[in-house]
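One point on numbering: in the working numbering, the residue at position 98 of the sequence shown is 98, and numbering is uninterrupted. Just so it is clear, CB atoms sit at the ideal spot from N, CA and C, and this is done for glycine as well. Just so you know, these numbers come straight off a predicted model, no measurement behind them. What follows is a set of notes on a single structure, which appears directly below.
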Amino acid sequence: MATKFLYTNFNSAVPSTSAYPGGTSSSTSPEATPPSSTSNSSRSPINNALLRRVHTKSRRGCLNCKRRRIKCPENHPDCTQCTKRGLSCEWPEIQIEQTGNDGKRIARVIPRQVDSPNTFSIEDFRLFNHFIKECHPSHPLGNEERWTHDIPSIAHNHEYLLHAMLALAASDISECSPNDSALALSGMNHRVRAIETLSTALSRGVHTMEEGNAMLATCYTLVYQSALIADGFPEYMSFIRGCMVVAWQMGVKQLKFLFEGILSDEQLHKMGPYLKGAPDIDPELTNGAISSLEACRPLVVRDAEKAFFECLLEIVQAAQISSRQAYIGIMKIYGIFAYYMSATDFHQFIHPNNQVGLLLQAHMIAIQMILDPVLNNENNAGTTMDKPWRPRHSGSVAWLNSIEVKMSDEMAPFFAWPIARRDEARERIAEESFMRSQAFKEAF
């Protein structure tokens, strides 16, 4: 996959760490590590311009005049203001502010290509609209308006972001239309283009607030698309790592974030009310997870994998006591592979021939499946989108199918517990799909 282009850029930007976090800590270190001076409590003029209400003034001025917040004479091809300053005069795409059914502002932007040989079709416009209304990421939690307004408003300036948005939308729609091979292919083509152009941009570094936020939004979007790809778990982890890299670079340069609460414990605070009401996890499942992990312990010898293993064990032990502590454990394990693993450790961990790495990945996927009563609340905390019905855990089932193909016969007994969770979910999906099909037939 094209993700290989990103490994060097992601990993070269990660600060080195001398040790892995201790097993007793509940710190969400990825959120806390970058400088705290990157507060987003006050927005820059660019952001304020994006969020202003629609008024009767002309919106057809050139981009340079908009950035300088001065009146544009609107004479083409180069306005007088740009000519005076010797600037290249660029004109915006057609943009209209609309209000959705819930009263929230939604951006309607016709994608405009900048320095790109690609052209976009009517189908791409449909995908762009689908992303805004039905499938934008729900993370970071509490940033829905950023995804429906701010991010679409800057997409035309950043090819990687625009392609990532179209890629996720195409994959999301194709999930409900599995026979539409053209749509699935479109999703992958946009994904490859997004990864290639993002890799090029990352090699140059993050220089402006808008550029950093566009890269960050691209990584989040590709994380979500990875969840819809059958063998996408390694890429899912890679792009989460990418989110951390970009956020860290922005923190170092004190660039403001469009997304709120990204480098703090605010995500945990937003989940607080939902975690209080989360049901207990079946102790039979947590006991099974602990037994399976303990059986795997002798196989785990690398320091990075030991840290990952101990964190998995902490999560299921915490789940027997507190949903909140289990959720903190999930946040921590994402930090293990997104921040604490070195480039070499991470490459070894996700290598398809690393049986121990595959084993730990399988357990992580299965543990997240049994924690569904807790993790499912992220949808409530993160978005108000009314998404169509999808079988629960279908993505996790596909990921575990992909891992099962790679596991060796000698290692099969150690994979028994996660594969059993996969089989249970597969049966449940079949039953739910059958019941919905029957209900549909009876209704008509």
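For residue i, name the three-state secondary structure that DSSP assigns.
{"i": "Glu144", "result": "helix"}
{"i": "Gln254", "result": "coil"}
{"i": "His269", "result": "helix"}
{"i": "His158", "result": "coil"}
{"i": "His163", "result": "helix"}
{"i": "Asp345", "result": "helix"}
{"i": "Pro137", "result": "coil"}
{"i": "Cys89", "result": "coil"}
{"i": "Val374", "result": "helix"}
{"i": "Ala430", "result": "helix"}
{"i": "Thr208", "result": "coil"}
{"i": "Phe259", "result": "coil"}
{"i": "Arg302", "result": "coil"}
{"i": "Pro77", "result": "coil"}
{"i": "Gln249", "result": "helix"}
{"i": "Ser121", "result": "coil"}
{"i": "Gln320", "result": "coil"}
{"i": "Cys72", "result": "coil"}
{"i": "His363", "result": "helix"}
{"i": "Ala278", "result": "coil"}
{"i": "Glu410", "result": "coil"}
{"i": "Asn401", "result": "helix"}
{"i": "His351", "result": "coil"}
{"i": "Leu228", "result": "coil"}
Who are the Cβ neighbours of residue i in its own chain at under 8 Å, not counting the five residues just before and after it?
{"i": "Leu275", "result": "Ser323, Arg324, Tyr327, Val374 and Asn377"}
{"i": "Thr38", "result": "Only weak support exists for where Thr38 lies, its pLDDT of 36 falling under 50; the coordinates are left without a value."}
{"i": "Ala318", "result": "Gln325, Ala326, Ile328 and Gly329"}
{"i": "Pro77", "result": "Cys89"}
Where residue i and residue j are concerned, what is the direct C-alpha to C-alpha distance, given to the nearest angstrom?
{"i": "Ile281", "j": "Gly142", "result": "26 Å"}
{"i": "Glu267", "j": "Cys176", "result": "First, the residue type needs correcting, since residue 267 is Gln and not Glu in the sequence shown. Taking the straight line from one Cα to the other gives about 30 Å."}
{"i": "Gly212", "j": "Val246", "result": "7 Å"}
{"i": "Ala214", "j": "His207", "result": "12 Å"}
{"i": "Val300", "j": "Met411", "result": "13 Å"}
{"i": "Ile151", "j": "Leu127", "result": "15 Å"}
{"i": "His139", "j": "Tyr339", "result": "18 Å"}
{"i": "Met331", "j": "Glu294", "result": "22 Å"}
{"i": "Phe125", "j": "Lys84", "result": "36 Å"}
{"i": "Gly205", "j": "Asn157", "result": "16 Å"}
{"i": "Leu161", "j": "Ile132", "result": "13 Å"}
{"i": "Ser174", "j": "Ala155", "result": "23 Å"}
{"i": "Pro413", "j": "Pro298", "result": "14 Å"}
{"i": "Thr197", "j": "Glu284", "result": "47 Å"}
{"i": "Ala184", "j": "Gln81", "result": "45 Å"}
{"i": "Met341", "j": "Ala304", "result": "6 Å"}
{"i": "Ser226", "j": "Gly288", "result": "28 Å"}
{"i": "Gly449", "j": "Asp409", "result": "Summary: the structure shown does not reach residue 449, with the chain confined to residues 1 through 444, and so no result is reported for it."}
{"i": "Pro279", "j": "Asp372", "result": "10 Å"}
{"i": "Gly277", "j": "Glu310", "result": "27 Å"}
{"i": "Cys296", "j": "Arg302", "result": "13 Å"}
{"i": "His269", "j": "Ser291", "result": "32 Å"}
{"i": "Ala343", "j": "Glu134", "result": "35 Å"}
{"i": "Asp231", "j": "Asn401", "result": "8 Å"}
{"i": "Ser121", "j": "Thr148", "result": "21 Å"}
{"i": "Phe346", "j": "Glu159", "result": "28 Å"}
{"i": "Glu431", "j": "Ala182", "result": "29 Å"}
Residues in the same chain with beta-carbon distance under 7 Å from residue i, minus the five sequence neighbours each way, listed in chain order, please.
{"i": "Ala164", "result": "Ala194, Thr218, Thr221 and Leu222"}
{"i": "Cys79", "result": "Cys62, Cys65, Cys72, Pro73 and Cys89"}
{"i": "Asn75", "result": "none"}
For a quick check, are the C-beta atoms of residue i and residue j less than 8 Å apart?
{"i": "Phe415", "j": "Ala362", "result": "yes"}
{"i": "Leu312", "j": "Ile367", "result": "yes"}
{"i": "Tyr236", "j": "Pro137", "result": "no"}
{"i": "Ile429", "j": "Ser394", "result": "yes"}
{"i": "Arg241", "j": "Phe337", "result": "yes"}
{"i": "Leu216", "j": "Cys243", "result": "yes"}
{"i": "Leu360", "j": "Ile403", "result": "no"}
{"i": "Gln355", "j": "Met407", "result": "yes"}
{"i": "Phe233", "j": "Ile333", "result": "no"}
{"i": "Phe259", "j": "Arg146", "result": "yes"}
{"i": "His130", "j": "Asp172", "result": "yes"}
Might you give, ordered along the chain, the residues of its own chain that have their beta carbon closer than 6 Å to the beta carbon of residue i, omitting 5 neighbours on each side?
{"i": "Val397", "result": "Arg422, Ala425 and Arg426"}
{"i": "Thr286", "result": "Val316, Ala319 and Gln320"}
{"i": "Pro352", "result": "Lys406"}
{"i": "Trp399", "result": "Phe233 and Ile365"}
{"i": "Pro273", "result": "none"}
Using a beta-carbon distance below 8 Å, is residue i in contact with chain C?
{"i": "Ser323", "result": "The question asks about chain C, but that chain is absent: this structure has only one protein chain."}
Check whether the stretch 407-426 touches the stretch 235-251, taking contact to mean three or more Cβ pairs, one atom from each stretch, closer than 8 Å. no
Do the stretch 178-188 and the stretch 156-170 touch if we need at least three Cβ pairs shorter than 8 Å? yes
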